[in-house]
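If you're matching them up, the sequences are chains A and B in order.
Heads up, the first sequence is in our numbering, so the first residue is 1 and it goes up one at a time.
Heads up, the second sequence is in our numbering, so the first residue is 1 and it goes up one at a time.
Let me begin by presenting the structure, written as structure tokens, before commenting on it.
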Amino acid sequence: MTIKVHGFPLSPAARRVVGCLEEKCLPYEFVFVDLMSGQQNSEAFLALNPFGKVPALEDGDLTLFESRAITQYIVRAYADEGTSLIPVNPKESGLVILWSEVESQQFDPIASKLSFELLIKPLRGLTADEAEVEKLTKQLGSVLDIYEARLKGSKFLGGEDFSLADLSHQPAVNSLLSTKVKDLFEARPHVHRWAKEILARRAWQKTLEKMKFP
Amino acid sequence: MAMIKVHGFPISPPVRRVIVCLEEKGLPYDFLTVDMFSGNHKKQPFISINPFGQIPAIEDGDLKLYESRAITQYIAHGYASNGTPLIPTDPKELAIVILWAEIESQQFDPTASKLSFELVIKPIRGMTTDEIEVEKLQVKLAAVLDVYEARLSESKFLAGETFSLADLNHIPIVSNLYGTKIKALFEARPNVNLWAEDILGRPSWQKTLKKMTMKM
């Protein structure tokens, strides 16, 4: 039975999951959830995710949600398929889990708000809060300084190989590089190198091709 | 083998998340207090261990980790055969544990930590609680706890019939909230209340509370 992903093509969280399935070369069916008509609050969708958020995943009798829980499941359950995204050794996987948590706790809260101000608001005909953007840009700069130091000594965040930690960043980095915030990345050579490299991956390019608004 | 070193401050919930995990696994550790009042968490040598300048951080041999949920995951996997098993080996069962650990992180904690800050931390620091904020947060937490109530009517613990990493990660903030009027939200939901009392009653948590007190 094929894996089913329930989501919205432009949703970063949905793209995180699809990006992971593409890296692992796993077949899947993408089931469109119409966020604009509130389909995420339908009884059928709430049966998949009672919190009413995309994405959700079905793999046989297993139903999951929370994109980072889904990707963690995929990388372990399908460890032998496609790209290896998590090392087996606990100390090495510890670093991958660490930088995945850093994405979740330090990077994403800021990156999401910046994407909202600079990309979502214009789509809704709203004006970005410039004071907020300035504050968030400063915060992101501080976080990226730490990434710069990390990536000076390591090719990827979790170590010398591309891993789940890098993959988790793809949707937000992709979004931010299409805004004025790309200056923050370009000003930091190792971060810039890393950002370009993770976005150039074939699996991510396939994800972007497939995850277009219908 | 060198003991795991934990760098932190005793009353911090994320620090206590790591300690209760070590206690649950029966692992010896060295607790090194980071003097937050002097700002030592933002200075060397601490920022060489955690460049984000936050507690907790651990050292296990040459491995340095931070982010409490990364640390508890590492301990659960790396010391799988010590003490209480916190994660199953079967990938589909493990997926459910990771799911509810992510729910704690993304749905529960943002609201619950803010409530803990308003109702527990602010008074300690002599600051005034923002009652309007508390009202808003209560409504949000109630909606989250409704989902938990439905879940816990199906299984004894969040990920199934046995205590796991998913339940453990909740303990410090649930414990804080049980000392406030927010306890009423939990008590109004019988399955949630049973679960909360169960996890707070674990010997590992009792030990954590005894050890992680402020030495005045």
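Virtual Cβ for every residue (Gly too), placed ideally from N, Cα, C.
Take B/L108 as the anchor and find which of A/V181, A/H192, A/F51, A/D59 has the nearest alpha-carbon. Before going further, note that residue 108 of chain B is Phe rather than Leu in the sequence given. Closest option to B/F108, Cα to Cα, is A/F51.
Just mark A/C25 as buried or exposed, buried being the case when its beta carbon has 16 or more other beta carbons within 10 Å. exposed
Please tell me whether A/S168 and A/S100 are closer than 8 angstroms, where the distance is taken between their beta carbons. yes
Have a look at B/S164, B/T84, B/I71 and flag the residue whose alpha-carbon is nearest the alpha-carbon of A/P90. B/I71
Contact with chain B by A/K4, beta-carbon distance below 8 angstroms: no
Relative to the C-alpha of B/K156, which candidate in B/G78, B/V6, B/P190, B/E67 has its C-alpha closest? B/P190
Between which two residues does the beta strand (DSSP E) holding B/A57 run? 57-60
Measure the C-alpha to C-alpha separation of A/E66 and B/K140 and round it to an integer number of angstroms. 18 angstroms
Does any residue of chain A have a CB that is nearer than 8 angstroms to the CB of B/M216? Low per-residue confidence applies at B/M216: pLDDT is 46, beneath 50, and the placement is therefore not dependable, though the value from the model is reported in the following sentence. Judged by the 8 angstroms Cβ criterion, B/M216 is not in contact with chain A.
What residue does the alpha helix (DSSP H) around B/F46 start on, and which one ends it? 46-49
Is the distance from the Cβ of A/Q39 to the Cβ of A/F30 below 8 angstroms? no
Going along chain A in order, which residues have a C-beta closer than 7 angstroms to the C-beta of B/G98? According to the sequence provided, residue 98 of chain B is Ile. The question's Gly does not apply to it. A69, Q72, Y73, listed in chain order.
Per-residue DSSP class, three states only, for A/H6: strand
Counting only Cβ pairs nearer than 8 angstroms, list the residues of chain B close to A/S168. Result: empty, since nearest Cβ-Cβ is about 12 angstroms, beyond 8 angstroms.
Short of 8 angstroms Cβ to Cβ, which residues in the region 27-53 of chain A face chain B? P50, F51
Report the three-state DSSP secondary structure of B/M216 (helix, strand or coil). Because B/M216 carries a pLDDT of 46, less than 50, the predicted location of this residue cannot be relied on, and the following value inherits that uncertainty. DSSP places B/M216 in coil when its eight states are reduced to three.
If we define contact as Cβ-Cβ less than 8 angstroms, is B/S105 a contact residue for chain A? yes
If you follow the alpha helix (DSSP H) that A/G19 is in, where does it begin and where does it stop? 12-23
Own chain partners of A/S178 with C-beta closer than 8 angstroms, once the 5 adjacent residues on each side are dropped: L119
Residue range of the unbroken beta strand (DSSP E) whose run includes B/I4: 4-8
With a Cβ-Cβ cutoff of 8 angstroms, do B/V6 and B/W205 count as a contact? no
In the DSSP assignment, the beta strand (DSSP E) including B/E187 goes from what residue to what residue? Segment 183-187 is the alpha helix (DSSP H) holding B/E187; no beta strand (DSSP E) there.
Go ahead and pull the three-state DSSP assignment for B/L209. helix
Between which two residues does the beta strand (DSSP E) carrying B/Y66 extend? 63-66
Output needed in chain order: residues of the region 12-27 of chain A with a Cβ under 7 angstroms from some Cβ in chain B. none
Quick test of your reading: A/V143 and A/I97, contact by CB under 8 angstroms. State the CB separation rounded to the nearest angstrom. Not really, about 18 angstroms apart at Cβ, beyond 8 angstroms.
Tell me which residues share the same chain as B/S153 and place their Cβ nearer than 6 angstroms to its Cβ, disregarding the 5 neighbours each side in the sequence. N191
Cα-Cα, which of A/K121, A/Q139, A/H190 is closest to A/Q106? A/Q139
Bounding residues of the alpha helix (DSSP H) (the contiguous stretch that carries A/F45): 43-46
Residue-chain proximity (A/S104, chain B), Cβ-Cβ < 8 angstroms: yes
Grab the span of the beta strand (DSSP E) containing A/D129 for me, first residue to last. Per DSSP, A/D129 belongs to no beta strand (DSSP E) and is neither H nor E.
Mind checking A/K53: buried by the 16 CB within 10 Å criterion, or exposed? buried
Throw me the rounded Cβ distance for the A/E23 and A/L85 pair, which I believe falls under 8 angstroms. 6 angstroms
For B/L99 and A/A79, believed in contact at Cβ under 8 angstroms, the rounded distance: The pair is not a contact, with the Cβ atoms about 18 angstroms apart (cut-off 8 angstroms).
Taking 8 angstroms as the CB-CB limit, is B/E154 close to chain A? no
For A/D59, the three-state DSSP class (helix, strand or coil): strand
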